Amino acid sequence: MRDQAERSTQLMRDDARYIWHPFTQMQEYRQESPVIIERAEGIHLIDIHGRRYMDGVSSLWVNVHGHGKREIDDAIRAQIARVSHTTLLGLSNVPAIELARQLVERTPVGLEKVFYSDNGSTAVEIALKMAFQYHRHRVGPDTPKTRFIALTHAYHGDTIGSVSVGGISLFHKTFEPLLFDCTFAPAPYCYRCPLDAEYPGCGMACADALEEIVQRSRDRAAALIIEPLVQGAAGMLVAPEGYLARVRQICTRHDLLMIADEVATGFGRTGTLFACEQEGVRPDLLCLAKGITGGTLPLGATLATEAIYDGFLGAYGAFKTFFHGHTYTGNPLACAAALANLSLFDPVEVLPGLSGRIEYLARMLAPLRDDPRVGDVRQKGFMVGIELVRNKATKEPYPPADRIGHRVILAARNRGLLIRPLGDVIVLMPPLCTEKEDLSRMVTITAEAIREVTA
Ligand SMILES: *Cc1c(COP(=O)(O)O)cnc(C)c1O
């Protein structure tokens, strides 16, 4: 027992001493007692003191079928026994090939080639570089089609290219001098409409605004990048129905490549395997990561159409090669995990079975709308954002120094639920395997935590 306590104390001390945590103000973090996870079971995380927590954000949006899912763990073990890593640079491996085929077969029609990397930011970075280089091959190095169009509030990752097409000023403003030029169109953020319009009376004025911007910049634009259906990191901004299909029409009409960043929405999150399916959208480039391995190993993939791929073909001396590749590209362990993750979607009842629980979650969330501190509740599938406001009538936000979102998640933690805020938006993103009883507990705890902090 004493050994156990000493070990815990040592771990907590070393965590504060040696680790610089991402997206974390360390001065604040070091004053709070850290949660150090030791193991997990299903939707529960268990810390070094043996305390159990529900994993309310799927370990940052990656977990799909629960922790310790036997089929995925077995697939990783079986692959370790064969080979853990070889390079994909001019060499191939079995799981990478099998997974590429599966991805092409399961993603929207028209995406025929898979380029691997190891996270969401690189999956985006690759799509941007492919789009850029594609136009240079098509038109020549003088092509003016070098710029990108993105949405305000967009989040596409933390590397410099993906930050350049990002629109979250809290994260991105500091790096502005390092970024390349990008044209931003108003996001479909209905609760705080950038055009001061009201849906549905507006007739989706934001899509019209986007089309105007595209029209003006089409000669200089290489591609448009979008998070289909939900702008996740911005606080789960759910686009109105039909918006995504409109964006596809606009891209097609103005000869613009469409990059769909499904890093967050992919793998069942929105109720279908991919969000694009819900509006019959076929992007030219598709970025995947997060849920791809069911939350076990890092892996990214960028899918491209045959036309884009063909644009890079030629004799070596024509220098049309795509000179890009990460060391762990196509890692066999990660690809084996991803194959197992995908095959868990195969039983015909899995995705349809989700829809009942999505509706149930919506029913559980409905009463939250009456809370005087809840401005908006947004949901798409198993992605939920609860926007807290100081004044419901004026939608006035809390002053950032109040740390409302942060305090709510600490209160939820005390009740056995691990969630994360995005500013003042409380995010719920349970693993897809979460049953009704636990969904209900997650919502109840979240509501209690909101009430406790905002009382
Ligand atoms: C998380 C995220 C990324 C970045 O993925 P990382 O693996 O964290 O680099 C990119 N796009 C979207 C939409 C995301 O949610």
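Position one of the sequence shown corresponds to residue 18 (the numbering used here), numbered consecutively onward. Even for Gly, the Cβ is constructed at its ideal location relative to N, Cα and C. Quantities reported herein were computed from a predicted structural model and do not represent experimental measurements.
Asked: Just the C-alpha distance for R263 and D91, rounded to the nearest angstrom, thanks.; Found: 43 Å
Asked: Taking the straight line between their C-alpha atoms, what separation do you get for G62 and V79?; Found: A small correction: the amino acid at residue 62 is Leu; Gly does not occupy that position in the sequence shown. Roughly 14 Å separates the two Cα atoms.
Asked: Hey, which unbroken runs of the alpha helix (DSSP H) at 4 residues or more fall wholly within the segment 358 to 444?; Found: 367 to 382, 421 to 431
Asked: Starting from H154, follow the alpha helix (DSSP H) in both directions and report where the run begins and ends.; Found: 137 to 156
Asked: Looking at G392 and ligand 1, is the gap between the Cβ and the nearest heavy atom below 7 Å?; Found: no
Asked: Do you know how far the Cα of P161 is from the Cα of V141?; Found: 21 Å
Asked: Starting from the Cα of R233, find the closest Cα among F201, I243, L212, C219 and give me that residue.; Found: F201
Asked: Identify the continuous beta strand (DSSP E) that holds G317 and give its terminal residues.; Found: 317 to 322
Asked: For H38, verify whether its CB is less than 7 Å away from any heavy atom of ligand 1.; Found: no
Asked: In three-state terms, what does DSSP make of S181?; Found: helix
Asked: Looking at N80 and ligand 1, is the gap between the Cβ and the nearest heavy atom below 7 Å?; Found: no
Asked: Rounded C-beta distance between L302 and A466? I'm assuming under 8 Å.; Found: Wrong, their Cβ atoms sit about 39 Å apart, outside the cutoff.
Asked: Only counting runs of 4 or more residues, tell me where the alpha helix (DSSP H) segments fall wholly within the segment 158 to 218, in order along the chain.; Found: 177 to 181, 186 to 189
Asked: State buried or exposed for V406, treating a residue as buried only when at least 16 other CB atoms are found within 10 Å of its CB.; Found: buried
Asked: Going by alpha carbons, who is nearest to H154 out of N408, K337, H341?; Found: K337
Asked: Along the alpha helix (DSSP H) that carries D91, what are the first and last residues, could you check?; Found: 87 to 99
Asked: Within the structure, which residues are defined as neighbours of ligand 1 by a Cβ-heavy atom distance below 5 Å, reported in chain order?; Found: N136, G137, S138, H173, G174, E244, G249, D278, V280, A281, A306
Asked: How is R56 classed by DSSP in three states: helix, strand or coil?; Found: strand
Asked: Considering S234, what are the terminal residues of the alpha helix (DSSP H) in which it resides?; Found: 222 to 234
Asked: If we call anything under 8 Å between Cβ atoms a contact, is L145 one with G178?; Found: yes
Asked: Beta carbon of S75, beta carbon of M381: below 8 Å?; Found: no
Asked: Out of H423, G440, P205, state which residue places its alpha-carbon closest to the alpha-carbon of E49.; Found: H423
Asked: Please report how far the alpha carbon of S372 lies from the alpha carbon of G107, in whole angstroms.; Found: 43 Å
Asked: Quick one: grab the DSSP three-state call for E279.; Found: coil
Asked: Per DSSP, which residues does H38 bridge with? Please list them.; Found: In DSSP, H38 forms no bridge with anything.
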